[in-house]
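Number of protein chains: 2
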Amino acid sequence: MAILVVGSVALDSIRSPYGYVERALGGSATFFALAASYFADVRMIGVVGEDFTPQDEEALRQRGIDTQGIERAPGKTFHWSGEYGENPNEVTTRETDLNVFEKFQPKIPASYLDSEYLFLGNIDPVLQIEVHRQMKTAKLVALDTILYWIERAPKQLAEAIKNVGMMIINESEARQFAGDHNLLRASQKILAMGPKALVIKHGEYGATIFFREKQFGFGKHPFRAPALPLDEVRDPTGAGDAFAGGFMGYIASQEELNREVLKRALFYGSVMGSFAVERFGTERLQSLTREEIDGRFQIFRELTHLE
Amino acid sequence: MAILVVGSVALDSIRSPYGYVERALGGSATFFALAASYFADVRMIGVVGEDFTPQDEEALRQRGIDTQGIERAPGKTFHWSGEYGENPNEVTTRETDLNVFEKFQPKIPASYLDSEYLFLGNIDPVLQIEVHRQMKTAKLVALDTILYWIERAPKQLAEAIKNVGMMIINESEARQFAGDHNLLRASQKILAMGPKALVIKHGEYGATIFFREKQFGFGKHPFRAPALPLDEVRDPTGAGDAFAGGFMGYIASQEELNREVLKRALFYGSVMGSFAVERFGTERLQSLTREEIDGRFQIFRELTHLE
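Going down the list, the protein sequences come from chains A and B. Sequence positions in the first sequence follow the numbering used here and run 1 to 307. Sequence positions in the second sequence follow the numbering used here and run 1001 to 1307.
Here it is, written out as structure tokens:
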């Protein structure tokens, strides 16, 4: 089964207590695609500039990712620069140069139109709606967003989530979007706006999936996957997108979408997030094996399961 | 099996978005004892003043708690007053009147000396050491502390934890005590100081237990219990002590201390913490049934377990 992801492709300059990388391959669509590529066929839509190197593209192709939807535009690639301190949850953004991403207009190659799964990365909700409208036969559509759109385009975002199967966001975003500090109440408010399920990411504490009543055989009971206590978080950039990639990738690899598949998908999401932060940029996500992934899945199970 | 707890008994005045209570029964030993009382015999050591009412003591006795170790001193009971906002993790302390607690000198009644389990609440580590020294036959000793002692008496605290089986603290306390933001590394540093196991409480995200190598058949793998997403956290006061009470209480109710018992104990700790915050003060912990507790244990299992 194929997943189509639309989102940012970036070059990131990142400093942390563990080192520094300059203009390393990044962006939400990139982290998502690499993580998902271990489970399913992945197709990417994004835009890059003239400074995007053949090596950058090769890192995606080596993972079997279809890159024909990555448009090359005159100018420079979206560049983000930031610095993490001892607390990996706190980042200081040094520069955000949108460059060619500022005028991004997603174009869907004809060969992508039969994708069964669609992940709408955190772009302008108006663009998310446009892409969604062209993907009528998708079995499951999931949507991510960021505080920027929650604050600047709440109405368009409400429209964008009306008909999606899932929304996948951070807990601070969920609180802000719902206007409620309590996550259970916030999730109920967001689910009432349309999505059948809501995944709230808790960073170093894992993620919780909340459901509209009687969706996916769950009733209203949420399910929670942990994150792994790691002794070195070298670079947290892209962890949430890697989570989403593992989550959607596992779903796309299964015949049926039911309670058990969603629970396992949440675990695989956390697994991919835990790999992402162990090295700078996308390094770790480029060279995994399915054995390593399933080995870590087992560690997650042992971390949480009674006999 | 009997648990001896030594710690604070207080009267708390608490405001939250859900209401207000004045001079309600509280204190770390109280929350611990009430939570543990559903699993094992509990004996308390503490000090109260002349304003401690027969009704306050009756709330403990009704749960079968042995209160002969609660000393009555001239003056007033330890009084704490605080206010929670929309975010239950943030509290503004209005008053802390130590009163009779300031000169607290724990005295162990002879009938308590055969207690198999000992919980050293967050009092002066010098007093913790003294109590511990008198309880030579205890099978398991667990110790809690607070930032106050970590900052003011780190050497005494290091001495106090040298020979305990477990230390049970919040994650901010673990970070501060170990001088390391990373919780896995912090846990290794603290375990190297003596305890066989370390429980780190994450508040609304549950708790993780870390082990010294090859303790309790665990190897070095940690285990994590979640907290329950609740739609109303009315009063978070005492949640951590209720957690410790459920954790130690369950351990004391079992014949053997092994891997599986410790995992279940962590779940029971989270269960008792989740009950504690649903009502003001100790209200909810006074009127539970074992059926309600085991029902919620089952919900915790469903929240986290794959098929």
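All residues carry an ideal CB built from backbone N, CA and C; glycine is no exception.
By DSSP's criteria, residue i is part of a beta bridge. Which residues make up the other side?
{"i": "tyrosine 20 (chain A)", "result": "A:Arg15"}
{"i": "glycine 1046 (chain B)", "result": "B:Ile1070"}
{"i": "leucine 4 (chain A)", "result": "A:Arg43, A:Leu118"}
{"i": "glycine 1082 (chain B)", "result": "B:Ile1014, B:Thr1093"}
{"i": "alanine 225 (chain A)", "result": "A:Ala207"}
{"i": "glycine 26 (chain A)", "result": "A:Ala10"}
{"i": "leucine 198 (chain A)", "result": "A:Met167, A:Phe210"}
Are the Cβ atoms of residue i and residue j separated by less than 8 Å?
{"i": "glycine 1007 (chain B)", "j": "asparagine 1122 (chain B)", "result": "yes"}
{"i": "arginine 234 (chain A)", "j": "arginine 175 (chain A)", "result": "no"}
{"i": "lysine 1167 (chain B)", "j": "isoleucine 1003 (chain B)", "result": "A small correction: the amino acid at residue 1167 (chain B) is methionine; lysine does not occupy that position in the sequence shown. Not closer than 8 Å, so no."}
{"i": "glycine 64 (chain A)", "j": "serine 28 (chain A)", "result": "no"}
{"i": "arginine 1043 (chain B)", "j": "glycine 1069 (chain B)", "result": "yes"}
{"i": "leucine 1306 (chain B)", "j": "arginine 301 (chain A)", "result": "yes"}
{"i": "proline 1229 (chain B)", "j": "threonine 208 (chain A)", "result": "yes"}
{"i": "serine 1111 (chain B)", "j": "serine 1013 (chain B)", "result": "no"}
{"i": "glycine 273 (chain A)", "j": "glycine 26 (chain A)", "result": "no"}
{"i": "glutamate 1083 (chain B)", "j": "threonine 1092 (chain B)", "result": "yes"}
{"i": "glycine 165 (chain A)", "j": "alanine 192 (chain A)", "result": "no"}
{"i": "tyrosine 18 (chain A)", "j": "glutamate 232 (chain A)", "result": "yes"}
{"i": "lysine 1263 (chain B)", "j": "phenylalanine 1223 (chain B)", "result": "yes"}
{"i": "alanine 1178 (chain B)", "j": "alanine 1186 (chain B)", "result": "yes"}
{"i": "alanine 1225 (chain B)", "j": "glycine 1295 (chain B)", "result": "no"}
{"i": "leucine 98 (chain A)", "j": "aspartate 51 (chain A)", "result": "no"}
{"i": "valine 1261 (chain B)", "j": "isoleucine 1293 (chain B)", "result": "no"}
{"i": "leucine 288 (chain A)", "j": "phenylalanine 275 (chain A)", "result": "yes"}
Could you tell me whether any non-hydrogen atom of the ligand COA is closer than 7 Å to the CB of residue i?
{"i": "aspartate 1235 (chain B)", "result": "Judged by which ligands are present, the structure shown has none, so any question about the ligand COA falls away."}
Hey, residue i and residue j are a contact pair by Cβ (cut 8 Å); roughly how many whole angstroms apart?
{"i": "valine 1009 (chain B)", "j": "phenylalanine 1032 (chain B)", "result": "Valine 1009 (chain B) to phenylalanine 1032 (chain B), Cβ: 11 Å. No contact."}
{"i": "leucine 1034 (chain B)", "j": "leucine 1285 (chain B)", "result": "4 Å"}
{"i": "alanine 153 (chain A)", "j": "aspartate 124 (chain A)", "result": "7 Å"}
{"i": "alanine 1227 (chain B)", "j": "tyrosine 1205 (chain B)", "result": "6 Å"}
{"i": "valine 1047 (chain B)", "j": "alanine 1073 (chain B)", "result": "5 Å"}
{"i": "alanine 1239 (chain B)", "j": "valine 1277 (chain B)", "result": "5 Å"}
{"i": "valine 126 (chain A)", "j": "glutamine 156 (chain A)", "result": "5 Å"}
{"i": "lysine 136 (chain A)", "j": "glutamate 116 (chain A)", "result": "Their Cβ separation, rounded to whole angstroms, is 12 Å, which puts lysine 136 (chain A) and glutamate 116 (chain A) out of contact at 8 Å."}
{"i": "alanine 1252 (chain B)", "j": "phenylalanine 1078 (chain B)", "result": "26 Å between Cβ atoms; not a contact."}
{"i": "lysine 201 (chain A)", "j": "phenylalanine 243 (chain A)", "result": "6 Å"}
{"i": "isoleucine 108 (chain A)", "j": "isoleucine 45 (chain A)", "result": "7 Å"}
{"i": "glycine 320 (chain A)", "j": "glycine 85 (chain A)", "result": "Since the first residue of chain A shown is 1 and the last is 307, residue 320 (chain A) is not available in this structure."}
{"i": "leucine 194 (chain A)", "j": "isoleucine 161 (chain A)", "result": "A quick correction: the sequence has glycine, not leucine, at residue 194 (chain A). Yes, they are in contact, since the Cβ atoms of glycine 194 (chain A) and isoleucine 161 (chain A) sit about 5 Å apart, within 8 Å."}
{"i": "aspartate 144 (chain A)", "j": "leucine 120 (chain A)", "result": "7 Å"}
{"i": "isoleucine 1146 (chain B)", "j": "glutamate 1173 (chain B)", "result": "7 Å"}
Quick one: list the residues of chain B neighbouring residue i, beta-carbon separation under 7 Å, in chain order.
{"i": "phenylalanine 177 (chain A)", "result": "The premise fails here: phenylalanine 177 (chain A) is roughly 16 Å from chain B at the closest Cβ pair, so nothing lies under 7 Å."}
{"i": "lysine 309 (chain A)", "result": "In the structure as shown, chain A starts at 1 and stops at 307, and residue 309 (chain A) therefore has no counterpart that could be examined."}
Report the neighbours of residue i on chain A: residues whose CB is nearer than 7 Å to its CB, in chain order.
{"i": "leucine 1183 (chain B)", "result": "Pro229"}
{"i": "tyrosine 1205 (chain B)", "result": "His202, Tyr205"}
{"i": "threonine 1208 (chain B)", "result": "Pro229"}
Which chain B residues are close to residue i, counting only those with a beta carbon under 8 Å from its beta carbon?
{"i": "asparagine 87 (chain A)", "result": "His1181"}
Going along chain A in order, which residues have a C-beta closer than 8 Å to the C-beta of residue i?
{"i": "proline 1222 (chain B)", "result": "Pro229, Leu303"}
{"i": "glutamate 1260 (chain B)", "result": "Leu306, Glu307"}
For chain C, find out if any of its Cβ atoms is closer than 8 Å to the Cβ of residue i; answer yes or no.
{"i": "proline 1226 (chain B)", "result": "In summary, chain C is missing from the structure at hand, where the protein chains are A and B."}
Starting from residue i, find everything on chain B with Cβ-Cβ shorter than 9 Å and list it in chain order.
{"i": "phenylalanine 267 (chain A)", "result": "Leu1306"}
Which runs of the alpha helix (DSSP H), 4 residues or longer, sit entirely within the region 1114-1191 of chain B?
1125-1134, 1147-1152, 1154-1161, 1171-1178, 1183-1191
What runs of the alpha helix (DSSP H), each 4 residues or longer, lie entirely inside the region 1227-1261 of chain B?
Correct list: 1239-1252.
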